[in-house]
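What follows is a set of notes on a single structure, which appears directly below.
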Amino acid sequence: MSKGLDNLLRQPGIWRANGGGPAPYGVLPTGFPALDRVLPAGGWLRGSLTEILPERLGVGELRLVMPALARLSREGCWIVWVTPPHIPYAPALAAQGVDLSRLLLVRTRSDTDAQWAMEQALRSGSCGAVLAWPAGADERSLRRLQLAAEAGRSWGVLFDPPTHSQGRTPATLRLKVQAASRGIVVEILKCRGRGPSSPLPIGPDLAQVGAVGPRIGR
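Next comes the structure, spelled out in structure tokens:
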């Protein structure tokens with residue numbers, strides 16, 4: 008290795024996903040030990056973009072991120088929801104330990120406005136996590152969101168349709184989520200520092216996914 012490259016890799020802002028140093032902006036435990044074990048950093052990366060592709064809305068994709076959102080809200084961080092498909096179901100969120108006083112709901116008139124709102128929230132530096140349900144975001148838009156997450160040291164979560172699984176993405180992590188008889192099955196489609204994974208069952212602690220899934224807008 009050249010001396011210049013060696014000096015570069017010693018910089019605190021450089022993170023090598025294969026374990027060559029700590030994540031520069033910190034890590035959020037997912038709340039599910041089985042998932043933490045297969046993620047290179049041991050959890051969700053702050054300052055990054057995560058794509059979650061559920062086979063359909065309400066299979067348990069929100070419950071997957073609830074432990075991290077609860078932790079962030081207890082830390083006093085803002086949790087921003089950008090144009091969710093339904094009004095968040097407050098009792099279910101509170102039951103998962105989320106501090107409702109730290110939630111912000113943003114409604115927009117177009118997908119372009121939603122992407123702009125998400126980018127501004129991520130870049131602000133005051134949001135622990137920003138969740139969005141874009142109708143469609145190209146690679147250039149995703150790259151802007153990834154850079155905004157890094158700039159604001161925030162965690163961006165996009166819930167995309169499963170048809171996006173073959174598209175290119177600059178996101179740090181892309182997961183596919185499917186329903187199972189008890190809980191859900193998570194498959195890593197892309198992850199910096201490792202290749203795709205075999206389907207990972209998560210349960211039975213996720214057996215009642217409806218608590219934050221289908222009931223979210225009722």
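Numbered by the numbering used here, the letters in the sequence shown go through residues 8 to 225 in order. Where is the CB? At the ideal position from N, CA and C, for every residue including glycine.
Span separating the alpha-carbon of residue i from that of residue j
i, j, result
"Leu-149", "Ile-59", "13 Å"
"Ser-161", "Trp-123", "15 Å"
"Ala-75", "Thr-37", "6 Å"
"Arg-44", "Leu-207", "11 Å"
"Arg-116", "Ala-139", "14 Å"
"Val-72", "Gly-135", "13 Å"
"Leu-152", "Arg-109", "22 Å"
"Gly-67", "Ala-101", "16 Å"
"Gly-163", "Trp-51", "10 Å"
"Asp-167", "Leu-64", "10 Å"
"Thr-176", "Ala-77", "27 Å"
"Thr-90", "Glu-146", "20 Å"
Where residue i falls: helix, strand or coil (DSSP)
i, result
"Ala-144", "coil"
"Arg-175", "coil"
"Pro-47", "coil"
"Pro-29", "With a pLDDT of only 49 at Pro-29, under 50, the local geometry of the prediction cannot be trusted, and the value read off the model is given with reservation. Three-state DSSP puts Pro-29 in coil, outside helix and strand."
For residue i, the residue or residues it bridges with in DSSP
i, result
"Gln-185", "Val-192"
"Val-34", "Leu-52"
"Pro-208", "Val-192"
Contact set for residue i: own chain, Cβ-Cβ below 6 Å, skip 5 residues either direction
i, result
"Arg-130", "Ala-155, Ala-158 and Gly-159"
"Tyr-32", "Arg-53, Gly-54 and Arg-160"
"Cys-84", "Gly-135"
"Ala-142", "Asp-118"
"Val-192", "Gln-185, Pro-206 and Pro-208"
Interface flag, residue i vs chain C, CB-CB below 7 Å
i, result
"Pro-208", "In the displayed structure, chain C is absent; only one protein chain is listed."
Sequence-distant residues of its chain with Cβ nearer than 8 Å to residue i (five each side left out)
i, result
"Glu-62", "Pro-169, Lys-183, Val-184, Gln-185 and Ala-186"
"Gly-49", "Val-34, Pro-36 and Asp-43"
Chain-order list of residues whose beta-carbon lies under 7 Å from that of residue i (same chain, five-residue window excluded)
i, result
"Ser-205", "none"
"Asp-106", "Ser-80 and Arg-81"
Q: Scan the stretch 95-168 and note each continuous alpha helix (DSSP H) run of 4 residues or more that stays entirely inside, going in chain order.
A: 97-102, 118-130 and 146-159
Q: Can you check the stretch 51-101 for any beta strand (DSSP E) of at least 3 residues that lies completely inside it and give the ranges in chain order?
A: 55-61 and 85-89
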